[in-house]
Each structure stands twice: as C-alpha cells, then as structure tokens.
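A.B. asks: Numbering (this note's numbering), first residue to last: 3 to 469. Built from N, CA and C at the ideal position, the CB exists for glycine as well. Before anything else, here's the structure in question.
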Ligand code: ARG
C-alpha cells in the first residue's frame, strides 16, 4: 500500500534473480549505510585480511589480491577524505565498499567475496569495532581512576560526614570516599577487559552460516586481525552478538557508577552543602538568575545511564527469541551500540575533567562531619569498651543522650558530664575523647576502614597498580 515508485534497477550486488528494484520505502527501512559507514575501517581491514588469505591459499591469484589490497587502501583514503560516494541503493558499508572496489579495479574486485558472506563480514567488522571501544573504555576508566586517586591523595585524612540514607551516619575521610569510586571503576575496567578477552575470536570464514567449501585458512585471518583464534562454530559465529551485549552491560554498570558520583556532585556543589566547588569549565550560568552556577555536566552524566541502559535493553530485546542463525533483525544492533559507546566515552572524559578540577572545601567538610551526632556510634562503642555495657544497652543509652542534645539544640560533645551521668551514672570524662571526629576516623582501623593509615595503604596500592 504505497505510492512510492520502485527504484529502477535490481541490486547490482545480489539482484540476479530480481527483475525490479525495491520499493523506495523498502530501501529506506533496509539500508544501513546511514549508520554502518562507521565500520568502514574495520570492513576494509577484514577484507584485506581475507584477500591476502585467499591468495595465500591459492584461491585467488596474488595479482588479484594485490589489486584488491591496494584498491581497498585507496578506498580507505577516499572515505577519510570525505570523498566516498556512499549510496543507499547499495544497502550497507559492505556492499558500498565492494562495489566501489570493482568500479576501481574491475574483475579482481568481484573475486573478493569468495568464501565469505556479509553475515561473517558484519560479525567480524562489528567485533573489531566493539573491541576497540573496550580499549577506549579501559583507557578512559584508567584516566578517571587516576583523577579520583589524586583527590584521595590530596585529602587522605580530611574528615567529612559519611552517609547512609543521605542522613549523617559516621565521620569518614575524603580519601576513603574518593577511593570507593576507584574500586567501582576498577571493577568496570575489569569487566571491559574480561569482555574483550572473550570477544577476541574471529568469526570471519563462517561464511553465510555453514562454513565454506573453499580451502580457507581461518587461523591466518584471525591472526592478521589480532584475534586470539577463530570462532569454533560457524552457526554461532554469524548469529552471536554477545560481545555487543557484554559491552553494553559493562557500559551500563559503568554509567550507573558515573551517575552516582554525578548525583553526589549535584548535592555537594549546592549552596546548602558546599562540600565542593566545581570549576567554571564544568558548570553553566542561568540566563535570568545571576548568582547561579549550575552543575550541568554532572546532571547530564547523571542522565547518561538512561540512554546507555536503554540501548542495552533494546539490543537484548532485538536478540531475544531469534532462531539461529543470522536474521536481519540483527542489523538493529549497531546504532544502539554506537550511541552507547559515544556517550560512555564522552561521559568518562567529562567526569575525568570534573574530578580533576573539583575543589573540596575542607573546612565545610570538617564542620559537617562533626554535626548530626555523627560520633554517636563511637559513644556507644565506648560504653561497651569502657563500661562493659552490652551493645544493645549502649545503643539505648546513646539514643537517650542524642535526644537530650537534640532537645537543647547542641551536639554530643557539648553535653556536660553531669548531663551524661543523668542518663548513665557510670559515664566518666574519658568519654569526651571519643566524641571528636578526628578520633573517630582514626579509630576505624579495620581492614578496608576509613582510618587515614588504612586509606594511605590503599592509595599506595592503587598508585602501584595505576603507575
Ligand atoms: N547490513 C547487514 C547488517 O548489519 C549486513 C549483513 C547482511 N546480511 C544479509 N544476509 N542480508 O546486519
């Protein structure tokens, strides 16, 4: 039910059995060249490896392989110079490049597709692209980890409030808080490394789905393209998109981490908190309110997970229930991954810049650390240690003391000894030594705890790892 005229000619690449071209709308829904042209470098690398292997195996002549290799390099320059005539009639990047090759070198160009299919071709191109993105993510994460580590080092023993439920919980150190992100990002990094390792098998040579009758050498092409080995099952090779899903999953978890710190930045940079000052480079002003310095970059980073997780869900939904092997549904994989990868790399770069520029307000952090009865747990622990109270009872006594201080609008250290003793007569003046925040953080020396000495050990460990 369409008025659009069919495009005149049948497809020059596969149109042997077709007498008419596709409907214009068919072309619009079918063509992927608008986005998969991003795979041009990978497509050319894959084709060059394939042609060299065909010649080495005596499947095509050395002369033809040379012409193909050179022709592909010329096309690479053409694309990079923005002079390549991409055309939707030729559907995708694979057919566009192959047709152009034949246009340039004639007959030999038509021999390139021997023992190969677009199904294994797109699988290898896309894997190469995603593999490269894993490397970029790993590099970006390493840079961001270094930025957090530098912050940790600068303020290893600065005190700040630690929160649960965004309510003051116990004092912690700035260095400890920064290192929490180093840990999170390290897990992200290992997820990308792990995914990269698993995806590093070459599907080229699986051909359409069943392998090929030509005596190809899949080990040779795998090696030429930097893969560890060829994939072992041709059906799986052309139908698998786990590598993209793993990349997206790792990207989603990473973007979730970025969004958590972004949220902290939004809160911390507000006039009510003033924990940190963001530099002008990462903030914007308001067109009406002259006093404003908005944390836009942080807000956008908080939002990026939305589209990255969206892409992840989209690709899972595309792949769900697809019978083996390749189905055109799978062409819907690329835009999702492109968008997610672009936004992840942008997010990592922006966060690295923001963390590098961020100035913590040490005095404000210290004042906040001491407020909100943050050393109540220290008081309870002291009642256990010094007076031998069972912890539950100590908890109860401390709760009564907090209520007393709150009623008077003061913090725990401002209560007098007499007031304390009215709640529990055995309390001595020694209690005041545990109510200071510096003491509090210094006492938390358990492994992984917030004590500056523990934090400095972790800083040293990360410095050794990150160089
Ligand atoms: N453009 C296609 C894609 O991205 C390439 C593979 C096409 N294969 C096919 N049998 N039509 O999935």
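Give the straight-line distance between the Cα atoms of residue 180 and residue 120, rounded to the nearest whole angstrom.
C.D. replies: For the purposes of this step, residue 180 is taken as residue 178 along the chain shown, with counting starting at 1. For the purposes of this step, residue 120 is taken as residue 118 along the chain shown, with counting starting at 1. Whole-angstrom Cα-Cα distance: 47 Å.
A.B. asks: Could you check the C-alpha separation between residue 342 and residue 413 for me, to the nearest Å?
C.D. replies: As a position in the chain shown, residue 342 is number 340, starting the count at 1. As a position in the chain shown, residue 413 is number 411, starting the count at 1. Between residue 342 and residue 413, the C-alpha separation is close to 48 Å.
A.B. asks: With 16 other CB atoms within 10 Å as the buried threshold, where does residue 291 fall?
C.D. replies: Your numbering for residue 291 matches position 289 in the chain shown. So residue 291 ends up on the exposed side.
A.B. asks: For residue 171, which three-state DSSP category applies?
C.D. replies: Position 169 of the chain shown, counted from the start, is the residue given in the question as residue 171. It is a strand residue.
A.B. asks: According to the Cβ coordinates, are residue 130 and residue 227 closer than 8 Å?
C.D. replies: Here residue 130 refers to the residue found at position 128 when the chain shown is read from its first residue. Here residue 227 refers to the residue found at position 225 when the chain shown is read from its first residue. Cβ distance < 8 Å, so residue 130 and residue 227 count as in contact.
A.B. asks: If the criterion is Cβ atoms closer than 8 Å, does the pair residue 222 and residue 55 meet it?
C.D. replies: Walking along the chain shown from the start, residue 222 turns up at place 220. Walking along the chain shown from the start, residue 55 turns up at place 53. In contact: residue 222 and residue 55 (Cβ atoms closer than 8 Å).
A.B. asks: For residue 284, which of 301, 274, 328 and 424 has the nearest alpha-carbon?
C.D. replies: Position 282 of the chain shown, counting from 1, holds the residue named residue 284. If we check each option's Cα against that of residue 284, 301 comes out closest.
A.B. asks: Hey, would you say the C-beta of residue 124 is under 7 Å away from at least one heavy atom of the ligand ARG?
C.D. replies: On the chain shown, position 122 is the one that residue 124 refers to. Yes; taking the cut-off as 7 Å, the Cβ of residue 124 has a heavy atom of the ligand ARG nearer than that.
A.B. asks: Would you call the CB atoms of residue 443 and residue 452 closer than 8 Å?
C.D. replies: One-based indexing of the chain shown puts residue 443 at position 441. One-based indexing of the chain shown puts residue 452 at position 450. Yes; because the gap between Cβ atoms is below 8 Å, this pair is in contact.
A.B. asks: Skipping 5 residues on each side, what residues in its chain have a beta carbon closer than 7 Å to that of residue 481?
C.D. replies: With the chain covering only 3 through 469, there is no way to say anything about residue 481.
A.B. asks: As a quick exercise: from 109, 100 and 87, pick the residue whose alpha carbon is nearest that of residue 52.
C.D. replies: Position 50 of the chain shown, counted from the first residue, corresponds to residue 52. Ranking 109, 100 and 87 by Cα distance to residue 52 puts 100 first.
A.B. asks: Within the continuous alpha helix (DSSP H) that includes residue 454, where are the two ends?
C.D. replies: Mapped onto the chain shown, residue 454 falls at position 452. Its alpha helix (DSSP H) spans residues 454–468.
A.B. asks: Could you check where the beta strand (DSSP E) with residue 88 kicks off and where it finishes?
C.D. replies: Residue 88 sits at position 86 when you count from the first residue of the chain shown. That residue, residue 88, is in no beta strand (DSSP E); it is neither H nor E in DSSP.
A.B. asks: Could you tell me if residue 241 is buried or exposed, where buried requires 16 or more neighbouring beta carbons within 10 angstroms of its beta carbon?
C.D. replies: On the chain shown, residue 241 is found 239 positions in, with the first residue counted as 1. When all chains shown are included, residue 241 counts as buried.
A.B. asks: Please list, in chain order, all residues of the same chain as residue 199 whose beta carbon is under 6 Å from its beta carbon, the five residues on each side excluded.
C.D. replies: The count along the chain shown starts at 1 and reaches residue 199 at position 197. So the list is empty, once near-sequence residues are dropped.
A.B. asks: With distance defined between alpha-carbon atoms, name the residue in 461, 298, 133 and 59 nearest to residue 286.
C.D. replies: For the purposes of this step, residue 286 is identified with residue 284 of the chain shown, where counting begins at 1. Taking only the C-alpha atoms, the option nearest residue 286 is 298.
A.B. asks: Taking 7 Å as the cut-off, is the beta-carbon of residue 118 closer than that to any non-hydrogen atom of the ligand ARG?
C.D. replies: The residue labelled residue 118 in the question sits at position 116 within the chain shown. Incorrect: residue 118 has no Cβ contact closer than 7 Å to the ligand ARG.
A.B. asks: Report the start-end ranges of each alpha helix (DSSP H) in the stretch 123–210 that is 4 residues or longer and not cut off at the edges.
C.D. replies: As far as the stretch 123–210 is concerned, its whole alpha helix (DSSP H) runs of at least 4 residues are 176–201.
A.B. asks: For residue 377, which three-state DSSP category applies?
C.D. replies: Taking the chain shown and counting its residues from 1, one reaches residue 377 at position 375. DSSP places residue 377 in coil when its eight states are reduced to three.
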